[in-house]
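J.:
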(Lines of atoms letter the chains of each structure in order from A and count residues from 1; the text may use other names and numbers.)
(Lines give C-alpha, C1' and ligand atoms only; values in the text may rest on other atoms or scores of the structure.)
Protein backbone atom coordinates (compact mmCIF):
# COMPACT_ATOMS: atom_id res chain seq x y z
CA UNK A 1 0.00 0.00 0.00
CA UNK A 2 2.83 2.40 0.90
CA UNK A 3 4.54 1.51 -2.36
CA UNK A 4 1.43 2.67 -4.22
CA UNK A 5 1.34 5.93 -2.25
CA UNK A 6 4.95 6.62 -3.21
CA UNK A 7 4.16 6.04 -6.89
CA UNK A 8 1.28 8.51 -6.66
CA UNK A 9 3.51 11.18 -5.12
CA UNK A 10 6.12 10.54 -7.79
CA UNK A 11 3.62 10.96 -10.63
CA UNK A 12 2.26 14.19 -9.15
CA UNK A 13 5.77 15.58 -8.79
CA UNK A 14 6.58 14.79 -12.40
CA UNK A 15 3.44 16.54 -13.58
CA UNK A 16 4.21 19.66 -11.55
CA UNK A 17 7.75 19.76 -12.90
CA UNK A 18 6.72 19.54 -16.58
CA UNK A 19 8.89 21.99 -18.49
CA UNK A 20 7.67 25.18 -20.15
CA UNK A 21 8.47 23.77 -23.58
CA UNK A 22 6.31 21.63 -25.83
CA UNK A 23 9.17 19.22 -26.38
CA UNK A 24 9.55 18.31 -22.70
CA UNK A 25 10.02 14.56 -22.48
CA UNK A 26 8.72 12.62 -19.49
CA UNK A 27 9.32 9.29 -21.16
CA UNK A 28 12.79 7.81 -21.14
CA UNK A 29 12.16 5.59 -24.13
CA UNK A 30 14.54 6.34 -26.97
CA UNK A 31 11.97 5.15 -29.50
CA UNK A 32 9.27 7.60 -28.40
CA UNK A 33 8.39 10.58 -30.58
CA UNK A 34 7.13 14.02 -29.58
CA UNK A 35 4.31 16.08 -31.07
CA UNK A 36 6.57 18.02 -33.41
CA UNK A 37 8.05 14.82 -34.79
CA UNK A 38 4.63 13.29 -35.39
CA UNK A 39 3.32 16.38 -37.18
CA UNK A 40 6.47 16.61 -39.32
CA UNK A 41 6.09 12.98 -40.39
CA UNK A 42 2.40 13.39 -41.18
CA UNK A 43 2.93 16.55 -43.24
CA UNK A 44 5.82 15.00 -45.18
CA UNK A 45 3.76 12.19 -46.69
CA UNK A 46 0.05 12.97 -46.25
CA UNK A 47 -1.84 12.65 -49.58
CA UNK A 48 -3.74 15.94 -49.36
CA UNK A 49 -0.48 17.81 -48.69
CA UNK A 50 1.17 16.18 -51.69
CA UNK A 51 -1.85 17.09 -53.81
CA UNK A 52 -1.60 20.72 -52.69
CA UNK A 53 2.11 20.72 -53.55
CA UNK A 54 1.22 19.42 -57.01
CA UNK A 55 -1.25 22.29 -57.34
CA UNK A 56 1.65 24.69 -56.76
CA UNK A 57 3.63 22.93 -59.49
CA UNK A 58 0.62 23.35 -61.77
CA UNK A 59 0.62 27.06 -60.91
CA UNK A 60 4.28 27.26 -61.94
CA UNK A 61 3.33 25.64 -65.24
CA UNK A 62 0.54 28.19 -65.77
CA UNK A 63 2.96 31.06 -65.15
CA UNK A 64 5.38 29.58 -67.66
CA UNK A 65 2.58 29.07 -70.15
CA UNK A 66 1.57 32.73 -70.02
CA UNK A 67 5.20 33.87 -70.25
CA UNK A 68 5.54 31.91 -73.48
CA UNK A 69 3.80 34.86 -75.13
CA UNK A 70 7.07 36.78 -74.81
CA UNK A 71 8.97 34.33 -77.00
CA UNK A 72 8.91 33.73 -80.77
CA UNK A 73 7.00 30.86 -82.32
CA UNK A 74 8.78 28.84 -84.99
CA UNK A 75 7.40 26.09 -87.16
CA UNK A 76 8.50 24.15 -90.22
CA UNK A 77 5.86 23.52 -92.89
CA UNK A 78 5.93 21.52 -96.10
CA UNK A 79 3.28 20.73 -98.68
CA UNK A 80 2.65 19.03 -101.97
CA UNK A 81 -0.37 19.57 -104.21
CA UNK A 82 -1.40 18.44 -107.67
CA UNK A 83 -3.63 20.74 -109.72
CA UNK A 84 -5.63 19.86 -112.74
CA UNK A 85 -6.40 20.96 -115.27
CA UNK A 86 -3.64 23.52 -115.61
CA UNK A 87 -4.07 26.74 -117.56
CA UNK A 88 -2.03 27.15 -120.72
CA UNK A 89 -1.20 30.01 -123.05
CA UNK A 90 -0.12 29.75 -126.68
CA UNK A 91 2.02 32.36 -128.37
CA UNK A 92 2.48 32.37 -132.16
CA UNK A 93 5.89 31.15 -133.04
CA UNK A 94 6.77 30.37 -129.41
CA UNK A 95 4.58 27.45 -128.57
CA UNK A 96 2.40 26.64 -125.60
CA UNK A 97 3.28 27.46 -121.97
CA UNK A 98 1.77 26.43 -118.60
CA UNK A 99 0.85 29.37 -116.38
CA UNK A 100 1.61 27.29 -113.23
CA UNK A 101 2.83 23.77 -112.61
CA UNK A 102 0.56 20.82 -112.07
CA UNK A 103 2.75 19.57 -109.21
CA UNK A 104 3.53 22.12 -106.49
CA UNK A 105 6.14 21.70 -103.75
CA UNK A 106 6.84 23.97 -100.79
CA UNK A 107 9.09 23.86 -97.70
CA UNK A 108 9.05 26.90 -95.36
CA UNK A 109 10.30 27.99 -91.95
CA UNK A 110 7.80 30.32 -90.29
CA UNK A 111 8.52 32.71 -87.41
CA UNK A 112 6.10 34.89 -85.46
CA UNK A 113 7.13 37.27 -82.68
CA UNK A 114 4.84 39.44 -80.60
CA UNK A 115 6.41 42.89 -80.41
CA UNK A 116 4.03 44.76 -78.13
CA UNK A 117 0.64 44.01 -76.59
CA UNK A 118 0.23 47.06 -74.34
CA UNK A 119 0.81 45.05 -71.13
CA UNK A 120 -1.68 42.27 -71.80
CA UNK A 121 0.81 39.42 -71.28
CA UNK A 122 2.40 41.09 -68.24
CA UNK A 123 -0.98 41.44 -66.56
CA UNK A 124 -1.75 37.79 -67.26
CA UNK A 125 1.59 36.78 -65.75
CA UNK A 126 0.86 38.90 -62.66
CA UNK A 127 -2.52 37.22 -62.25
CA UNK A 128 -1.00 33.73 -62.44
CA UNK A 129 1.69 34.72 -59.93
CA UNK A 130 -1.01 35.91 -57.53
CA UNK A 131 -2.87 32.63 -58.08
CA UNK A 132 0.32 30.73 -57.27
CA UNK A 133 0.70 32.69 -54.02
CA UNK A 134 -2.90 31.75 -53.20
CA UNK A 135 -2.07 28.07 -53.74
CA UNK A 136 0.89 28.40 -51.39
CA UNK A 137 -1.30 29.94 -48.68
CA UNK A 138 -3.83 27.16 -49.16
CA UNK A 139 -1.05 24.64 -48.59
CA UNK A 140 -0.08 26.34 -45.32
CA UNK A 141 -3.72 26.35 -44.23
CA UNK A 142 -3.97 22.65 -45.00
CA UNK A 143 -0.85 21.92 -42.94
CA UNK A 144 -2.25 23.90 -40.00
CA UNK A 145 -5.59 22.09 -40.12
CA UNK A 146 -3.82 18.76 -40.39
CA UNK A 147 -1.68 19.69 -37.38
CA UNK A 148 -4.84 20.43 -35.41
CA UNK A 149 -6.27 17.00 -36.26
CA UNK A 150 -3.01 15.28 -35.29
CA UNK A 151 -2.91 17.31 -32.07
CA UNK A 152 -6.22 15.89 -30.86
CA UNK A 153 -5.24 12.36 -31.79
CA UNK A 154 -1.78 12.69 -30.19
CA UNK A 155 -3.03 13.84 -26.80
CA UNK A 156 -5.86 11.32 -26.79
CA UNK A 157 -3.17 8.63 -26.98
CA UNK A 158 -1.07 10.34 -24.30
CA UNK A 159 -4.09 10.51 -21.99
CA UNK A 160 -5.07 6.89 -22.59
CA UNK A 161 -1.50 5.72 -21.98
CA UNK A 162 -1.43 7.57 -18.66
CA UNK A 163 -4.92 6.36 -17.71
CA UNK A 164 -3.93 2.74 -18.38
CA UNK A 165 -0.80 3.15 -16.27
CA UNK A 166 -2.88 4.56 -13.41
CA UNK A 167 -5.36 1.68 -13.68
CA UNK A 168 -2.48 -0.80 -13.61
CA UNK A 169 -1.18 0.83 -10.42
CA UNK A 170 -4.68 0.70 -8.97
CA UNK A 171 -4.97 -3.01 -9.81
CA UNK A 172 -1.62 -3.74 -8.15
CA UNK A 173 -2.80 -1.88 -5.09
CA UNK A 174 -6.10 -3.80 -4.98
CA UNK A 175 -4.37 -7.15 -5.45
CA UNK A 176 -2.02 -6.32 -2.57
CA UNK A 177 -5.04 -5.41 -0.51
CA UNK A 178 -6.80 -8.64 -1.53
CA UNK A 179 -3.89 -10.72 -0.27
CA UNK A 180 -3.91 -8.73 2.98
CA UNK A 181 -7.65 -9.37 3.47
CA UNK A 182 -7.25 -13.06 2.66
CA UNK A 183 -4.67 -13.30 5.44
CA UNK A 184 -7.09 -11.60 7.81
CA UNK A 185 -9.84 -14.04 6.83
CA UNK A 186 -7.47 -16.94 7.43
CA UNK A 187 -6.72 -15.47 10.86
CA UNK A 188 -10.43 -15.06 11.57
CA UNK A 189 -10.33 -11.27 11.82
CA UNK A 190 -12.22 -10.61 8.55
CA UNK A 191 -15.16 -12.08 6.64
CA UNK A 192 -15.62 -13.51 3.16
CA UNK A 193 -17.67 -10.42 2.32
CA UNK A 194 -14.55 -8.27 2.39
CA UNK A 195 -12.85 -10.61 -0.07
CA UNK A 196 -15.85 -10.50 -2.42
CA UNK A 197 -16.12 -6.70 -2.33
CA UNK A 198 -12.43 -6.42 -3.15
CA UNK A 199 -12.73 -8.87 -6.04
CA UNK A 200 -15.73 -6.97 -7.41
CA UNK A 201 -13.72 -3.76 -7.29
CA UNK A 202 -10.82 -5.47 -9.09
CA UNK A 203 -13.20 -6.72 -11.78
CA UNK A 204 -14.59 -3.20 -12.31
CA UNK A 205 -11.10 -1.75 -12.69
CA UNK A 206 -10.17 -4.51 -15.14
CA UNK A 207 -13.23 -3.66 -17.23
CA UNK A 208 -12.25 0.00 -17.20
CA UNK A 209 -8.72 -0.90 -18.27
CA UNK A 210 -10.12 -3.01 -21.12
CA UNK A 211 -12.16 -0.03 -22.35
CA UNK A 212 -9.07 2.17 -22.17
CA UNK A 213 -6.99 -0.39 -24.06
CA UNK A 214 -9.66 -0.54 -26.78
CA UNK A 215 -9.75 3.23 -27.05
CA UNK A 216 -5.96 3.35 -27.22
CA UNK A 217 -5.93 0.77 -30.01
CA UNK A 218 -8.42 2.84 -32.03
CA UNK A 219 -6.50 6.08 -31.51
CA UNK A 220 -3.18 4.46 -32.41
CA UNK A 221 -4.76 3.07 -35.57
CA UNK A 222 -5.88 6.59 -36.51
CA UNK A 223 -2.40 7.94 -35.84
CA UNK A 224 -0.87 5.21 -38.00
CA UNK A 225 -3.31 6.23 -40.72
CA UNK A 226 -2.03 9.80 -40.46
CA UNK A 227 1.55 8.52 -40.64
CA UNK A 228 0.84 6.17 -43.55
CA UNK A 229 1.83 3.11 -41.54
CA UNK A 230 0.21 -0.24 -40.87
CA UNK A 231 -2.69 0.04 -38.43
CA UNK A 232 -0.94 -2.32 -36.00
CA UNK A 233 2.43 -0.53 -35.98
CA UNK A 234 3.42 0.19 -32.34
CA UNK A 235 3.57 3.92 -31.55
CA UNK A 236 5.35 5.31 -28.48
CA UNK A 237 4.63 8.96 -27.73
CA UNK A 238 6.31 11.39 -25.37
CA UNK A 239 4.15 13.16 -22.83
CA UNK A 240 4.84 16.75 -23.87
CA UNK A 241 3.15 19.20 -21.51
CA UNK A 242 3.18 22.96 -20.89
CA UNK A 243 3.57 24.58 -17.52
CA UNK A 244 0.97 27.28 -16.70
CA UNK A 245 1.91 30.59 -18.33
CA UNK A 246 0.48 34.05 -18.82
CA UNK A 247 -1.91 34.51 -21.73
CA UNK A 248 -2.13 37.83 -23.58
CA UNK A 249 -5.21 40.02 -23.36
CA UNK A 250 -8.12 39.14 -25.61
CA UNK A 251 -7.80 42.23 -27.82
CA UNK A 252 -4.12 41.51 -28.41
CA UNK A 253 -4.92 37.93 -29.38
CA UNK A 254 -7.69 39.03 -31.73
CA UNK A 255 -5.39 41.53 -33.42
CA UNK A 256 -2.76 38.83 -33.98
CA UNK A 257 -5.37 36.39 -35.25
CA UNK A 258 -6.76 38.78 -37.86
CA UNK A 259 -3.23 39.50 -39.06
CA UNK A 260 -1.84 35.95 -38.97
CA UNK A 261 -4.66 33.50 -39.59
CA UNK A 262 -4.51 31.68 -42.91
CA UNK A 263 -8.19 32.38 -43.55
CA UNK A 264 -7.56 36.14 -43.48
CA UNK A 265 -4.37 35.86 -45.53
CA UNK A 266 -6.22 33.80 -48.10
CA UNK A 267 -9.05 36.35 -48.22
CA UNK A 268 -6.56 39.16 -48.81
CA UNK A 269 -4.79 37.12 -51.47
CA UNK A 270 -8.08 36.29 -53.18
CA UNK A 271 -8.72 40.03 -53.42
CA UNK A 272 -5.34 40.49 -55.11
CA UNK A 273 -6.14 37.67 -57.54
CA UNK A 274 -9.51 39.24 -58.39
CA UNK A 275 -7.91 42.66 -58.87
CA UNK A 276 -5.30 41.12 -61.17
CA UNK A 277 -8.09 39.40 -63.07
CA UNK A 278 -9.82 42.75 -63.50
CA UNK A 279 -6.66 44.19 -65.07
CA UNK A 280 -6.49 41.24 -67.44
CA UNK A 281 -10.10 41.82 -68.46
CA UNK A 282 -9.36 45.51 -69.07
CA UNK A 283 -6.47 44.55 -71.34
CA UNK A 284 -8.41 42.09 -73.49
CA UNK A 285 -9.30 44.70 -76.13
CA UNK A 286 -5.88 46.34 -76.34
CA UNK A 287 -4.04 46.25 -79.70
CA UNK A 288 -1.35 43.70 -80.51
CA UNK A 289 1.63 44.33 -82.75
CA UNK A 290 3.63 41.40 -84.05
CA UNK A 291 6.22 40.58 -86.68
CA UNK A 292 6.28 37.57 -88.95
CA UNK A 293 8.78 36.04 -91.36
CA UNK A 294 8.62 33.06 -93.68
CA UNK A 295 11.48 31.61 -95.71
CA UNK A 296 11.91 28.43 -97.72
CA UNK A 297 11.73 26.79 -101.12
CA UNK A 298 8.92 26.25 -103.60
CA UNK A 299 8.38 25.81 -107.32
CA UNK A 300 6.09 27.61 -109.75
CA UNK A 301 8.27 30.58 -110.65
CA UNK A 302 8.37 31.59 -114.33
CA UNK A 303 10.03 30.56 -116.51
CA UNK A 304 11.17 27.34 -114.78
CA UNK A 305 7.95 26.30 -113.13
CA UNK A 306 9.22 22.96 -111.87
CA UNK A 307 12.42 24.24 -110.23
CA UNK A 308 12.49 24.86 -106.45
CA UNK A 309 13.62 28.38 -105.65
CA UNK A 310 14.40 30.14 -102.38
CA UNK A 311 11.79 32.66 -101.29
CA UNK A 312 10.77 34.70 -98.26
CA UNK A 313 8.07 36.90 -96.80
CA UNK A 314 8.52 39.39 -93.93
CA UNK A 315 6.05 41.81 -92.47
CA UNK A 316 4.23 43.33 -89.51
CA UNK A 317 0.79 42.56 -88.19
CA UNK A 318 -1.45 44.84 -86.14
CA UNK A 319 -4.71 43.78 -84.53
CA UNK A 320 -7.10 46.24 -82.89
CA UNK A 321 -10.34 44.75 -81.45
CA UNK A 322 -13.43 46.86 -82.08
CA UNK A 323 -16.42 44.81 -80.93
CA UNK A 324 -16.31 41.76 -78.65
CA UNK A 325 -20.02 41.04 -78.26
CA UNK A 326 -20.05 42.59 -74.72
CA UNK A 327 -17.64 39.93 -73.52
CA UNK A 328 -15.55 42.50 -71.62
CA UNK A 329 -18.66 43.97 -69.99
CA UNK A 330 -19.80 40.66 -68.54
CA UNK A 331 -16.29 39.70 -67.50
CA UNK A 332 -16.20 42.96 -65.54
CA UNK A 333 -19.46 42.07 -63.83
CA UNK A 334 -18.19 38.63 -62.92
CA UNK A 335 -14.93 39.92 -61.42
CA UNK A 336 -16.74 42.63 -59.44
CA UNK A 337 -19.04 39.99 -57.98
CA UNK A 338 -15.98 37.89 -57.12
CA UNK A 339 -14.52 40.84 -55.21
CA UNK A 340 -17.77 41.33 -53.30
CA UNK A 341 -17.88 37.63 -52.43
CA UNK A 342 -14.29 37.79 -51.17
CA UNK A 343 -15.22 40.70 -48.91
CA UNK A 344 -18.12 38.72 -47.46
CA UNK A 345 -15.95 35.63 -46.98
CA UNK A 346 -13.35 37.76 -45.20
CA UNK A 347 -15.96 39.20 -42.86
CA UNK A 348 -17.34 35.73 -42.11
CA UNK A 349 -13.82 34.43 -41.46
CA UNK A 350 -13.14 37.37 -39.12
CA UNK A 351 -16.25 36.61 -37.08
CA UNK A 352 -15.46 32.90 -36.87
CA UNK A 353 -11.87 33.67 -35.84
CA UNK A 354 -13.12 35.99 -33.11
CA UNK A 355 -15.35 33.24 -31.74
CA UNK A 356 -12.50 30.70 -31.86
CA UNK A 357 -10.04 32.97 -30.06
CA UNK A 358 -12.53 33.87 -27.33
CA UNK A 359 -13.49 30.22 -26.85
CA UNK A 360 -9.90 28.96 -26.80
CA UNK A 361 -8.79 31.65 -24.36
CA UNK A 362 -11.70 30.80 -22.05
CA UNK A 363 -10.83 27.10 -22.27
CA UNK A 364 -7.21 27.84 -21.35
CA UNK A 365 -8.33 29.83 -18.31
CA UNK A 366 -10.73 27.07 -17.26
CA UNK A 367 -8.07 24.39 -17.72
CA UNK A 368 -5.66 26.41 -15.60
CA UNK A 369 -8.19 26.53 -12.76
CA UNK A 370 -8.79 22.79 -13.07
CA UNK A 371 -5.05 22.14 -12.67
CA UNK A 372 -5.03 23.91 -9.31
CA UNK A 373 -8.25 22.22 -8.22
CA UNK A 374 -7.18 18.74 -9.30
CA UNK A 375 -3.76 19.04 -7.64
CA UNK A 376 -5.43 20.14 -4.40
CA UNK A 377 -7.89 17.26 -4.74
CA UNK A 378 -5.00 14.82 -5.26
CA UNK A 379 -3.24 16.09 -2.16
CA UNK A 380 -6.41 15.68 -0.12
CA UNK A 381 -7.05 12.22 -1.58
CA UNK A 382 -3.53 11.14 -0.64
CA UNK A 383 -4.03 12.32 2.93
CA UNK A 384 -7.46 10.68 3.09
CA UNK A 385 -6.09 7.37 1.83
CA UNK A 386 -3.25 7.40 4.36
CA UNK A 387 -5.77 7.96 7.16
CA UNK A 388 -8.11 5.31 5.73
CA UNK A 389 -5.32 2.75 5.57
CA UNK A 390 -4.39 3.41 9.20
CA UNK A 391 -8.02 3.32 10.29
CA UNK A 392 -8.66 0.05 8.43
CA UNK A 393 -5.74 -1.66 10.12
CA UNK A 394 -7.05 -0.41 13.44
CA UNK A 395 -10.51 -1.77 12.63
CA UNK A 396 -12.17 1.64 12.73
CA UNK A 397 -13.48 1.59 9.12
CA UNK A 398 -14.66 -1.21 6.86
CA UNK A 399 -12.95 -2.72 3.85
CA UNK A 400 -15.45 -0.95 1.57
CA UNK A 401 -14.49 2.43 3.04
CA UNK A 402 -10.83 1.75 2.28
CA UNK A 403 -11.65 0.67 -1.28
CA UNK A 404 -13.65 3.87 -1.82
CA UNK A 405 -10.70 5.90 -0.61
CA UNK A 406 -8.37 4.00 -2.95
CA UNK A 407 -10.70 4.66 -5.89
CA UNK A 408 -10.89 8.36 -5.03
CA UNK A 409 -7.10 8.52 -4.98
CA UNK A 410 -6.80 6.89 -8.41
CA UNK A 411 -9.49 9.16 -9.84
CA UNK A 412 -7.73 12.22 -8.42
CA UNK A 413 -4.48 11.09 -9.96
CA UNK A 414 -6.20 10.65 -13.32
CA UNK A 415 -7.86 14.06 -12.93
CA UNK A 416 -4.46 15.73 -12.47
CA UNK A 417 -3.15 14.05 -15.61
CA UNK A 418 -6.23 15.04 -17.60
CA UNK A 419 -6.15 18.65 -16.41
CA UNK A 420 -2.52 19.07 -17.49
CA UNK A 421 -3.22 17.48 -20.87
CA UNK A 422 -6.36 19.59 -21.35
CA UNK A 423 -4.38 22.73 -20.55
CA UNK A 424 -1.68 21.82 -23.08
CA UNK A 425 -4.23 20.97 -25.78
CA UNK A 426 -6.20 24.18 -25.22
CA UNK A 427 -3.04 26.28 -25.18
CA UNK A 428 -1.94 24.78 -28.49
CA UNK A 429 -5.42 25.33 -29.92
CA UNK A 430 -5.17 28.97 -28.84
CA UNK A 431 -1.85 29.27 -30.66
CA UNK A 432 -3.50 27.83 -33.76
CA UNK A 433 -6.49 30.16 -33.32
CA UNK A 434 -4.21 33.23 -33.47
CA UNK A 435 -2.35 31.87 -36.48
CA UNK A 436 0.87 30.61 -34.90
CA UNK A 437 2.44 27.55 -36.51
CA UNK A 438 2.76 24.38 -34.44
CA UNK A 439 4.46 22.39 -37.18
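In the numbering used here, the protein residues as written are 24 to 462.
Glycine included, C-beta positions come from ideal geometry on N, C-alpha and C.
Bear in mind that the values here come from a model prediction, so they are computed numbers and not experimental data.
1) Could you tell me which residues DSSP puts in a beta bridge with residue 126?
2) I think residue 68 touches residue 340, with their Cβ atoms under 8 Å apart; what is that distance to the nearest whole Å?
3) Using three-state DSSP, classify residue 113 as helix, strand or coil.
4) Quick one: is residue 210 buried, meaning 16 or more other Cβ sit within 10 Å of its Cβ, or exposed?
5) Could you compute how far the alpha carbon of residue 441 sits from the alpha carbon of residue 389?
6) Which of helix, strand or coil does DSSP assign to residue 321?
7) Can you grab the Cα-Cα spacing for the pair residue 139 / residue 145, in whole Å?
8) According to DSSP, is residue 394 part of a helix, a strand, or is it coil?
9) Out of 185, 150, 263, 378, which one is the CA nearest neighbour of residue 292?
10) Checking 7 Å against the spacing of the C-beta atoms, do residue 290 and residue 385 come in under that value?
11) In three-state terms, what does DSSP make of residue 374?
12) Using a threshold of 7 Å, state whether the C-beta atoms of residue 338 and residue 320 are closer than that.
13) Threshold first: 4 residues or longer. Then list the alpha helix (DSSP H) segments lying entirely within the region 201 to 267, N to C.
14) What does the Cβ neighbour count give for residue 463, buried or exposed, with the cut at 16 atoms within 10 Å?
15) According to the neighbour-count rule (16 or more other Cβ atoms, all chains shown, within 10 Å of its Cβ), is residue 417 buried or exposed?
16) Hey, how far is the Cα of residue 196 from the Cα of residue 396?
17) Which first and last residues belong to the alpha helix (DSSP H) in which residue 330 is found?
18) CB residue 148 to CB residue 90, shorter than 7 Å?
19) Are the CB atoms of residue 160 and residue 75 within a distance shorter than 7 Å?
T.: To lay it out plainly:
1) 105
2) Actually they do not touch by this definition, with Cβ atoms about 52 Å apart.
3) strand
4) exposed
5) 13 Å
6) strand
7) Cα to Cα, the separation comes out at about 11 Å.
8) helix
9) It is 150 whose Cα lies nearest to the Cα of residue 292.
10) Contact flag unset, no.
11) DSSP places residue 374 within a helical segment (H, G or I) once states are collapsed to three.
12) no
13) 215 to 250
14) The requested residue 463 is not part of the displayed model; the chain covers only 24 to 462.
15) exposed
16) 25 Å
17) Looking at the DSSP string, residue 330 is not in any alpha helix (DSSP H), and its letter there is neither H nor E.
18) yes
19) no
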